[in-house]
Amino acid sequence: MKKALTIAGSDNSGGAGVQADLKVFKDFSVFGLSAITSITVQNSQAVYEVIPVSSKVLYNQIKAIAEDTKIDAVKIGMILTKENVNAIYQAIKDFNLKNIVLDTVIKSSSGKYLLEENAIKDFKTKLLPLVDLITPNKLEAEVLTGIKINNLEDLENACIKLHKIGAKNIYLKGGHFDFKNQVIDIFFNGKKFIHLIYPKVKVKNVHGTGCVLSSAITANLANKKSLEKSIKIARAYIQQKIEDSFKFGKGYFYMKL
247 MKKALTIAGS
257 DNSGGAGVQA
267 DLKVFKDFSV
277 FGLSAITSIT
287 VQNSQAVYEV
297 IPVSSKVLYN
307 QIKAIAEDTK
317 IDAVKIGMIL
327 TKENVNAIYQ
337 AIKDFNLKNI
347 VLDTVIKSSS
357 GKYLLEENAI
367 KDFKTKLLPL
377 VDLITPNKLE
387 AEVLTGIKIN
397 NLEDLENACI
407 KLHKIGAKNI
417 YLKGGHFDFK
427 NQVIDIFFNG
437 KKFIHLIYPK
447 VKVKNVHGTG
457 CVLSSAITAN
467 LANKKSLEKS
477 IKIARAYIQQ
487 KIEDSFKFGK
497 GYFYMKL
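Basically the working numbering = 1-based index in the sequence shown + 246.
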């Protein structure tokens with residue numbers, strides 16, 4: 247059985263983070279492994295508190311798994327601290343981890359910063375060049391590139407800039423725009439652009455979409471699918487999940503995972 251590791255934060259409400267990732271892995275018949283970067287206090291309305299684990303504990307979680315079994319693919323989500331950025335970087339190098347998807351989590355949908363400012367430099371210079379794919383949204387791409395994104399051309403220019411910074415492959419999510427009731431996501435491998443176009447779902451806000459997309463890509467990489475095929479399968483998967491989302495509590499909609 248193929249195995250995938252999620253390195254991310256714990257979401258006590260179950261709609262995002264490690265809890266969501268493990269559910270997605272199961273959907274694709276992949277055995278889920280986890281290393282917790284932080285504990286969150288959150289619900290459908292907001293993220294109230296984020297408590298990081300120590301870099302030593304994070305590294306040792308990854309070490310314990312990597313020394314015991316083969317890891318077929320890795321998803322990295324919320325990291326929060328500079329120390330944990332470096333712990334993950336070192337673990338990737340030490341244990342020769344492959345098929346790595348980095349969900350560039352910088353800020354929660356409710357506005358809580360999930361990557362500390364002093365961590366951004368190492369995040370860009372160490373992790374971005376080491377992973378196989380990054381999956382930023384518009385806001386994250388703006389932080390990482392310094393480009394103000396207002397249209398499709400800006401999205402493509404941001405992809406080019408991210409590639410120049412060191413990212414091998416970029417999947418830039420266009421969900422913050424409404425292109426005539428469509429969502430246009432862009433995959434860029436340094437040579438060509440692929441536009442993935444889907445109808446915009448008439449749901450106000452859905453929790454955990456970035457986590458679920460990146461973990462679905464990771465699961466398909468673990469199952470030996472190509473990167474491009476993994477992205478296309480994952481994008482169709484999350485489209486259905488968004489369409490089927492439900493009112494969880496007093497705030498955001500949740501996906502049925």
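Yeah, the Cβ is synthetic: ideal placement off N, Cα and C, and Gly gets one too.
Residue i and residue j: beta carbons closer than 8 Å?
i    : j    : result
N289 : G456 : no
L326 : L304 : no
I432 : C405 : yes
T381 : V347 : yes
E386 : I334 : no
I393 : K407 : yes
F492 : Y500 : yes
I311 : L268 : no
K478 : L442 : yes
Between the alpha carbons of residue i and residue j, how many angstroms are there, rounded?
i    : j    : result
V270 : Y444 : 21 Å
G412 : I317 : 24 Å
V458 : I322 : 12 Å
L401 : Y417 : 10 Å
S300 : I285 : 11 Å
N364 : T252 : 23 Å
E313 : T283 : 19 Å
G421 : T391 : 18 Å
Q486 : L398 : 24 Å
L503 : E489 : 13 Å
K419 : K367 : 22 Å
D257 : V449 : 22 Å
N396 : V389 : 14 Å
E362 : N306 : 22 Å
N403 : K339 : 30 Å
A482 : K438 : 21 Å
Using the beta-carbon count (16 or more within 10 Å), is residue i buried or exposed?
i    : result
H453 : buried
N383 : buried
F274 : buried
K370 : buried
I484 : buried
K302 : exposed
For residue i and residue j, which I take to be in contact (beta-carbon distance under 8 Å), what is that distance rounded to the nearest angstrom?
i    : j    : result
K372 : V331 : 7 Å
G261 : A254 : That belief does not hold up - the Cβ atoms of G261 and A254 are roughly 13 Å apart, past 8 Å.
I463 : S476 : 5 Å
S461 : A292 : The pair is not a contact, with the Cβ atoms about 23 Å apart (cut-off 8 Å).
V320 : N342 : The Cβ separation is near 11 Å, so there is no contact.
Give every residue of the same chain whose Cβ lies closer than 6 Å to the Cβ of residue i, excluding the five residues on either side of it in the sequence, and list them in chain order.
i    : result
V276 : K248, A250, A465 and A468
E572 : No information on residue 572 is available, as it lies outside the stretch 247 to 503 that the chain covers here.
I308 : A281 and A337
S354 : V293 and L360
E474 : none
T350 : I380, P382 and E386
Counting only the same chain and skipping the five closest in sequence on each side, list residues whose C-beta sits under 8 Å from that of residue i.
i    : result
K414 : P375, V377, D378, L379, N435 and G436
K272 : G278
Just to confirm my understanding: we take residue i, look at its own chain, exclude 5 residues before and 5 after, and list those with CB closer than 7 Å. What are they?
i    : result
K446 : D424, N427, Q428 and V429
A480 : L459, A462, I463 and N466
P298 : T283, S284, L326, T327 and N330
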